[in-house]
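To start, the structure itself, in structure tokens.
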Amino acid sequence: MTNTLLKLNQLVVGYSTPLVSDINIQVHEGEIIAIVGPSGIGKTTIIRTIGGLIRPIDGSVELLVEPRGGLGYVPQKLGLVRHASVEHNITLGAISSSHTIQQASRFRSIGLCILIVSLGIWFFKNPFAPPLFFLGCMLYIPSIIATIVYTNQLKKTVVKQAMEDVGLTEKRLEPVRRLSGGQQRRVATARTLAQSPSLIVADEFLSELDQANAMIVLNAMRKLTDAGSSMIMVEHNIERARSVADRIWTIKDGSLVQEVIEHA
Amino acid sequence: MRDSKPQSTALNSALEVVKRYQILLFVVLLAFYAVVVMNGLIDGKWGRLAGGWENLRIFFAESLPPDWSVLEARSYPECNQSIGFFCSIAYLGMLETIKIAFVATIFGFIGAILLSSLAARNLVPFWVSIIIRILLSAMRSLPSLIWAILFVIIFGLGPLAGVLAMTFYTIGYLGKLQYEAIEGMDSAPLEASRATGLTRPEILTNVVIPETSNHLLSQLMFMFEYNVRHGTVIGIVGAGGIGYYISNYLNLFLYDKVFALLLVTFIVVVLIDMISMAVRSFVNEDGDVRRPSWLTVFFSPNRAVRYHKVRSDVEGED
Chain P
59 MTNTLLKLNQ LVVGYSTPLV SDINIQVHEG EIIAIVGPSG IGKTTIIRTI GGLIRPIDGS
119 VELLVEPRGG LGYVPQKLGL VRHASVEHNI TLGAISSSHT IQQASRFRSI GLCILIVSLG
179 IWFFKNPFAP PLFFLGCMLY IPSIIATIVY TNQLKKTVVK QAMEDVGLTE KRLEPVRRLS
239 GGQQRRVATA RTLAQSPSLI VADEFLSELD QANAMIVLNA MRKLTDAGSS MIMVEHNIER
299 ARSVADRIWT IKDGSLVQEV IEHA
Chain C
-19 MRDSKPQSTA LNSALEVVKR YQILLFVVLL AFYAVVVMNG LIDGKWGRLA GGWENLRIFF
41 AESLPPDWSV LEARSYPECN QSIGFFCSIA YLGMLETIKI AFVATIFGFI GAILLSSLAA
101 RNLVPFWVSI IIRILLSAMR SLPSLIWAIL FVIIFGLGPL AGVLAMTFYT IGYLGKLQYE
161 AIEGMDSAPL EASRATGLTR PEILTNVVIP ETSNHLLSQL MFMFEYNVRH GTVIGIVGAG
221 GIGYYISNYL NLFLYDKVFA LLLVTFIVVV LIDMISMAVR SFVNEDGDVR RPSWLTVFFS
281 PNRAVRYHKV RSDVEGED
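In order, the protein sequences belong to chains P and C. With the first sequence counted from 1, adding 58 to any position gets you my numbering. Heads up: the second sequence at position 234 corresponds to 214 in my numbering, and the numbers run straight through without jumps.
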């Protein structure tokens, strides 16, 4: 029995009124699942609820992946930092799954809080201010150095590999806003590759792509699913969904209908 | 009943005319109301306006020609520069004003970034943003002149009070501009990074600041220019800079020197304004133009593009 990554129990999603109700789904390791249906029916709402961006109206979402870096989320508008370079965007994915950087970030926040407190009590000539200030610096400065050093290390390994996988090594330092739509989608894919999450949630990530770009994106995603990641994708093209997915959910009359596909 | 029909058509046509010119009528009414309020303010003594011309004539007679001795080395303290201008009141005062504006802009920018990231509703919970917004608007509610008076009382005369006053006002003003820029940014990058589990400080440094950097830089330049302009004002309450000398000469009724200093201020502020405009054209949204040569720095983005296109076409033919 493979591990379950996501459990949706009696889930009702929607913004103020329920859009889709009574969702009971389990997602196992290595599965590719497509949510299909016409636009405006609540596909993206389900995805956003799974991503934790909106609260469910009723029921619960049980994410059995790591809280940090375990879930890869690719919104329809890709969510890239448009003014930053390709490398920066892919590094974002890499640092979100890095435990070292998470620890460093925690120490940095604690250090910053101590620094602010020490400066505050310095104003009132409290004798504890200088040692507190020193402690804050000792937490803050090394954690910043560690973050920079480790991020550079990630850039040389994971990020470089992900860029090679999607063929964007020459565009490394180009700002994302100067890239074409297909190239931007490849950047988003590389970001997810560098993150290597156990569950990928992608909204319409194959739409508006020509055949060549779609193949690059799909192959990169396959690389992840072959390694054991699961994927939930929203797709309006049912033919393409059939060719990619293991299971398909269709939304009919405000509830999910499941369709199992037997691959030849 | 029979007579009422033509009456109502007359009423209707009058209403139609009112409807057609309603905006004009509204503006005329507002202007009339302003005149009435003004009349109340000056107790109906409109004759003072006519008397003003004589005073204006006297002021210009006393201040023209400007006394350009403010551009020469002052007698005390002794000048040890080879060029006398570098010891002049105009140069020293203006330089101090620019220094105050520079320091205050940098400190204010750092403070504003921290506070504005806590005030943007797409980054923090509602109650945090409300508290920080109240703080920011409290800092903004007093103009830097009033802050300067406050800090002159606390820290005494001199540039320290000026720097602190301006820093406070800069935080309040720039903070508002920045949190509006942050709230205006696209929500997709925020959602993607939030769902993957990045912490708030990481989102701020890796997503929000790169994404809004154009706005932030443009606002930074605008604020520097604004602070140089206001640096002349806060000097008047003794917070350092060229305004200090202006207010000194005003108290001594040396209007010709005041006029010279005002002209110097005017020229410097216009120059800084132009430089700031040129720099801001680099970073605005549609100004994403590569400018390989310094010649085109002072062009608008569109003209720069055209210039480089023409150049590259010519070079391509060679």
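The beta-carbon is built from N, C-alpha and C at its ideal position, and this holds for glycine as well.
Taking 8 Å as the cut-off, the Cβ atoms of Pro125 (chain P) and Val70 (chain P) do not count as close. Nothing from the stretch 292 to 311 of chain P brings a Cβ to less than 9 Å from some Cβ of chain C. Near chain C, meaning a CB-to-CB distance below 9 Å, the residues of the stretch 110 to 135 of chain P are Gly110, Leu111, Glu124, Pro125, Arg126, Gly127, Gly128, Leu129, Gly130, Tyr131, Val132, Pro133, Gln134 and Lys135.
Uninterrupted beta strand (DSSP E) stretches at least 3 residues long and entirely within the stretch 97 to 174 of chain P occur at 116 to 121 and 129 to 132, given in chain order.
Rounded to whole angstroms, the gap between the alpha carbons of Gly155 (chain C) and Gly127 (chain P) is 32 Å. Assignment of Ala303 (chain P) by DSSP, reduced to helix, strand and coil, places it in the coil class. With fewer than three CB-CB distances shorter than 8 Å, the stretch 235 to 243 of chain P does not count as touching the stretch 162 to 171 of chain P.
Residues Ile309 of the same chain have their beta carbon placed closer than 6 Å to that of Ile99 (chain P), with the five preceding and five following residues left out of the count. Leaving aside the five residues that flank Leu125 (chain C) on each side, the residues in its chain whose CB is nearer than 7 Å to its CB run, in chain order, Val213, Ile214 and Val217. Under the Cβ distance rule, Glu76 (chain C) does not count among the residues neighbouring chain P, no pair being separated by less than 8 Å. Flagged as an interface residue toward chain C: Ala142 (chain P), by a C-beta distance shorter than 8 Å. Shown here, Ala260 (chain P) sits in a strand according to DSSP, grouped into three states. Neighbours of His146 (chain P) across chain C, judged by C-beta separation under 8 Å: Asn186 and Pro190. The beta carbon of Val249 (chain C) sits closer than 7 Å to the beta carbons of Val208 and Arg209 from its chain, once the five residues preceding and following it are set aside; these are given in chain order. DSSP links Gly72 (chain P) through a beta bridge to P:Pro76.
Here Phe6 (chain C) is exposed: its Cβ has fewer than 16 other Cβ atoms, across all protein chains shown, within 10 Å. Comparing alpha-carbon positions, the option among C:Thr185, C:Leu242 and C:Trp26 lying closest to Gly73 (chain C) turns out to be C:Leu242.
Within the same chain, Thr149, Ala152, Ile153 and Ser156 come within 7 Å of Leu212 (chain P) by CB-CB distance, once the 5 residues on both sides are set aside. When 8 Å is used as the limit between beta carbons, Leu64 (chain P) is near no residue of chain C, the shortest such separation being about 13 Å. Between the alpha carbons of Leu231 (chain P) and Asn271 (chain P) lies a gap of roughly 20 Å. Taking Met196 (chain P) as the centre and dropping the five residues before and after it, the same chain places the C-beta of Gly169 closer than 8 Å to its C-beta, in chain order. A Cβ-Cβ separation of about 27 Å leaves Val234 (chain P) out of contact with Val123 (chain P) under the 8 Å criterion. For the C-beta of Gln253 (chain P), the chain C residues within less than 9 Å are, from N- to C-terminus, Thr176. DSSP, reduced to helix, strand and coil, places Ser167 (chain C) within a helical segment of the structure shown. Thr192 (chain C) carries a coil assignment under DSSP once its states are collapsed to helix, strand and coil. Look at Ser154 (chain P): its C-beta is under 8 Å from a C-beta on chain C. Under a 10 Å Cβ-count criterion, Lys101 (chain P) is classified as buried, with 16 or more other Cβ atoms of the shown protein chains found around its own Cβ. In the DSSP assignment, Val292 (chain P) falls within the unbroken beta strand (DSSP E) covering Ser288 to Glu293. With its beta carbon at least 8 Å from every one in chain P, Thr(-11) (chain C) lies outside the interface. A distance of 8 Å or more separates the beta carbons of Val245 (chain P) and Phe263 (chain P). Cβ atoms of Ile105 (chain P) and Ile290 (chain P) come within 8 Å of each other, at about 7 Å. By a beta-carbon distance limit of 8 Å, Ala285 (chain P) does not contact Leu251 (chain P). Their separation comes to about 10 Å. At a cut-off of 8 Å, the C-beta of Asn102 (chain C) has no neighbouring C-beta in chain P. DSSP, reduced to helix, strand and coil, places Asn19 (chain C) within a helical segment of the structure shown. Contact annotation for Thr179 (chain C) against chain P: Arg126, Gln160, Ser163, Arg164 and Ser167 [CB-CB distance below 9 Å, chain order].
Contact check for Phe239 (chain C) against Ser68 (chain C) fails: the beta carbons are separated by 8 Å or more.
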